[in-house]
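Heads up: the protein sequence lines correspond to chains A and B, in order. The first sequence maps to residues 1 to 312 in our numbering. The second sequence maps to residues 313 to 626 in our numbering. Ideal Cβ placement from N, Cα and C applies to all residues, glycine included.
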Amino acid sequence: MPNPMPSQTGRTAPAPRSSGRPNQLFRNLNSKIALIPMMLVAAVVFFGGTVWTVIYSFTNSRLLPRASFVGFDQYERLWSASRWIISIQNLLVYGILSLIFSLVVGFVLAALMDQKIRFESAFRTIFLYPFALSFIVTGLVWQWILNPEFGVQGIVRSLGWTSFTFDPLYNPDIVIYGILIAGLWQGTGLVMCLMLAGLRGIDEDIWKAARVDGIPMWRTYLFVVIPMMRPVFITTLVLIGSGIVKLYDLVVAQTSGGPGNASEVPAKYVYDYMFQAQNLGQGFAASTMMLLTVAIIIIPWAYLEFGGKKRG
Amino acid sequence: MANISTLNATGAAIDAVGTELASGPRGKKPRKVLSRRNVMIYGILGLAALYYLLPLYVMVVTSLKGMPEVRLGNIFSPPMEITFEPWVKAWAEACTGLNCDGLSRGFWNSVRILVPSVIVSIAVASVSGYALANWRFKGSELFFSILIIGAFIPYQVMIYPLVIILREIGIYGSLTGLVIVHTIFGMPILTLLFRNYFAGLPEELFKAARIDGAGFWQIYGRIMLPMSLPIFVVAIILQVTGIWNDFLFGVVFTRPDTYPMTVQLNNIVNSVQGVKEYNVNMAATLLTGAVPLIVYFVSGRLFVRGIAAGAVKG
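Next up, the structure:
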């Protein structure tokens with residue numbers, strides 16, 4: 001896993017020694033020209049765009065953005081909209097469960113793969129291929145498998161158990177679990193890969209020492225190896241976490257938010273209000289809430305990861 | 313990592329030291345292939361593999377059946393009569409709204425989006441990465457930090473301002489607009505990838521080239537580029553799968569006649585009108601998944617490297 005902010009190994013270009021030229025602007029001119037696209041993207045789209053959206057979330061823009069400010073009106077409306085509340089609940093359920101399951105399943109698979117097994121690369125290929133597929137493809141396949149008439153439910157019923165019910169995509173109470181199954185199918189391979197890389201990074205002597213001390217394997221994993229893999233876990237957590245907030249395509253493909261609005265998610269709320277309901281203010285407010293959620297995940301992590309290092 | 317046999321050997325060696333020269337065979341019995349432990353490991357892995365393979369199998373099987381057979385039966389049963397008609401239909405006849413020219417249009421749209429997007433985004437990002445690694449100036453790191461933080465910001469936050477910008481320039485809804493969008497959102501991860509790679513190359517090369525009088529572009533073209541083929545391959549894999557699988561930007565930044573394949577696929581399968589043809593839907597789904605799957609199976613380990621880097625992109 002690459003560290004998003006590697007230590008400062010880059011080199012500063014040799015600066016001209018002669019102090020005769022006071023103009024700093026032309027130093028490294030070519031480099032500055034080359035970085036214009038990046039600076040524009042960073043400053044205008046990423047920074048400017050974000051600030052713009054946050055500011056306009058305090059307006060009552062509808063079809064077109066208008067700078068007539070209404071305070072926290074949009075937020076009040078957002079949090080009293082039942083669809084938004086459902087979206088948040090869904091995201092929480094999906095988020096918490098997919099964090100737990102993908103970490104546990106990913107780790108267990110990685111630990112099993114790490115037992116010097118045969119066909120390791122075949123297993124790896126199998127576990128990881130869903131990650132190459134888009135969420136749209138994932139959602140459509142699972143929509144088909146979970147089809148009550150022909151899919152899993154239909155088959156179990158045709159085997160004789162006629163009262164068997166398993167129709168997550170048509171039952172508003174459990175629809176989010178149907179999406180979770182598909183999401184886990186797509187994403188756990190990646191977690192497995194990251195965990196496997198983490199396990200491979202653990203010194204073999206640790207295992208020998210644990211063996212000599214007669215510590216059973218599961219305890220070694222639980223109390224020695226997992227604590228040692230803390231950085232891997234944190235990185236994975238941040239990756240899954242920021243991915244969960246963006247959950248959109250999968251829901252669109254699998255259920256389009258239905259039945260009713262039982263499987264709505266925040267990202268879909270934003271899209272629908274911005275581009276279909278033509279209620280931009282609501283869309284901006286909802287997307288600002290998404291930004292806030294990500295910030296809550298990212299800032300403590302960034303602080304832990306980079307804040308401490310600079311001092312050390 | 314814990315190679316159990318070496319651990320056993322170590323344990324046995326320690327036993328032997330402890331008891332000096334004892335007679336008779338020592339240590340554990342050689343392990344059988346079908347030990348309980350092996351059965352468990354391979355059993356769990358096998359079951360998991362089955363769960364992962366099942367959807368692919370169901371897609372293939374369903375897409376090869378005729379509609380009567382699909383209605384009749386079991387989604388897991390192999391087709392009694394193999395037919396390629398669903399594939400033909402998905403490619404050339406499936407309807408989205410009023411258009412009935414199949415997924416082929418989406419496919420070619422996606423190709424037309426993919427090729428320039430991959431080239432432009434990698435060109436821009438590699439130059440940026442090179443400049444950040446070797447030609448820093450005051451403030452360059454600040455912009456880079458904003459860029460990396462931006463990778464975590466949900467697209468939904470930045471998408472509308474971008475729509476306005478593109479509309480002002482007059483390229484909203486066009487292919488050029490979408491290429492720019494892909495370049496912008498691919499930039500954080502790609503720039504990071506290239507920056508780290510170039511920073512890892514021996515500094516002496518750069519210094520020697522400087523002493524010989526090479527400038528910014530000369531060093532990039534003559535020294536850095538030839539040395540960085542692997543990272544370019546990783547970047548290409550990352551971008552090809554990422555852009556091909558994109559849905560959100562396709563919906564927001566293109567018009568119906570230039571919809572990429574994923575968007576068209578979703579429209580075909582989830583359209584409410586007409587009889588649902590599950591076999592055609594599955595053939596269409598497979599066709600859309602084929603490109604990234606081929607990239608995945610061909611590239612193997614490089615793909616793993618790419619997604620490990622690209623996971624940041626989400």
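Under the Cβ distance rule, GLN585(B) does not count among the residues neighbouring chain A, no pair being separated by less than 8 Å. In this structure, DSSP gives GLY485(B) an extended state, which the three-state scheme calls strand.
DSSP places ASN411(B) within a strand segment (E or B) once states are collapsed to three. Put simply, the CB of PRO130(A) is near chain B, with a gap under 8 Å to one of its CB atoms. Residue environment: CYS412(B) is assigned as exposed (fewer than 16 neighbouring CB atoms within 10 Å of its CB, all protein chains considered).
Taking 8 Å as the cut-off, the Cβ atoms of GLN115(A) and ILE353(B) count as close. Between the segment 586-594 of chain B and the segment 370-378 of chain B there are three or more inter-stretch CB-CB distances shorter than 8 Å, so the stretches are counted as touching.
Chain B has no Cβ within less than 8 Å of the Cβ of TRP161(A). Cβ neighbours of LEU426(B) within its own chain (closer than 7 Å, five residues either side excluded): VAL552, ILE555 and TRP556. Take GLU515(B), set aside five residues on each side of it, and no residue of its chain has a beta-carbon closer than 8 Å to its own. In the structure shown, THR395(B) falls within a coil segment according to DSSP collapsed to helix, strand and coil. For TRP185(A), the closest Cβ of chain B is nearer than 8 Å. For a Cβ distance threshold of 7 Å, residue set ALA42 and PHE46 of chain A lies close to GLY462(B), ordered along the chain. When 9 Å is used as the limit between beta carbons, ASN557(B) is near these residues of chain A: ALA132, LEU133, SER134, PHE135, ILE136, VAL137 and ASP249, in chain order.
Near chain A, meaning a CB-to-CB distance below 9 Å, the residues of the segment 518-541 of chain B are PHE518, LYS519, ARG522, GLY527, PHE528, TRP529 and TYR532. Using a 10 angstroms sphere on the CB of TYR369(B), the tally of other CB atoms stays under 16, which defines it as exposed. Residue contact with chain B for ALA81(A): absent (no Cβ-Cβ distance below 8 Å to any residue of chain B).
Within chain B, TYR472 have C-beta atoms less than 7 Å from the C-beta of MET274(A), given in sequence order. Contact between ARG77(A) and LEU280(A) fails: their C-beta atoms lie close to 13 Å from each other, not under 8 Å. Among the CB atoms of chain A, none fall inside 8 Å of the CB of ILE543(B). In the DSSP assignment, the residues bridged to PHE69(A) are THR59(A). Beta-bridge pairing by DSSP links THR125(A) to no other residue. Residues of the segment 350-383 of chain B with a C-beta atom less than 8 Å from some C-beta of chain A are ILE353, TYR354, ILE356, LEU357, ALA360, ALA361, TYR363, TYR364, LEU365, LEU366, PRO367, LEU368, VAL370, MET371, THR374, VAL382 and ARG383, listed in chain order. Annotation: ALA402(B) to ALA443(B) spans about 46 Å, alpha carbon to alpha carbon. Shortest Cα-Cα distance from MET38(A) to any of VAL432(B), TYR590(B) and GLY512(B) involves VAL432(B).
Sequence-ordered contacts of the segment 234-268 of chain A with chain B read LEU239, SER242, GLY243, VAL245, LYS246, TYR248, ASP249, VAL252, ALA253, SER256 and ALA267 [C-beta pairs closer than 7 Å]. Burial state of LEU359(B) is exposed, judged by a 10 Å Cβ sphere holding fewer than 16 other Cβ atoms.
Excluding its 5 nearest sequence neighbours in each direction, VAL270(A) has C-beta neighbours in its own chain below 8 Å: GLY283, ALA286, SER287 and MET290, listed in chain order.
Within chain B, the residues whose beta carbon sits less than 8 Å from that of THR53(A) are VAL469, MET470, TYR472 and PRO473, listed in sequence order.
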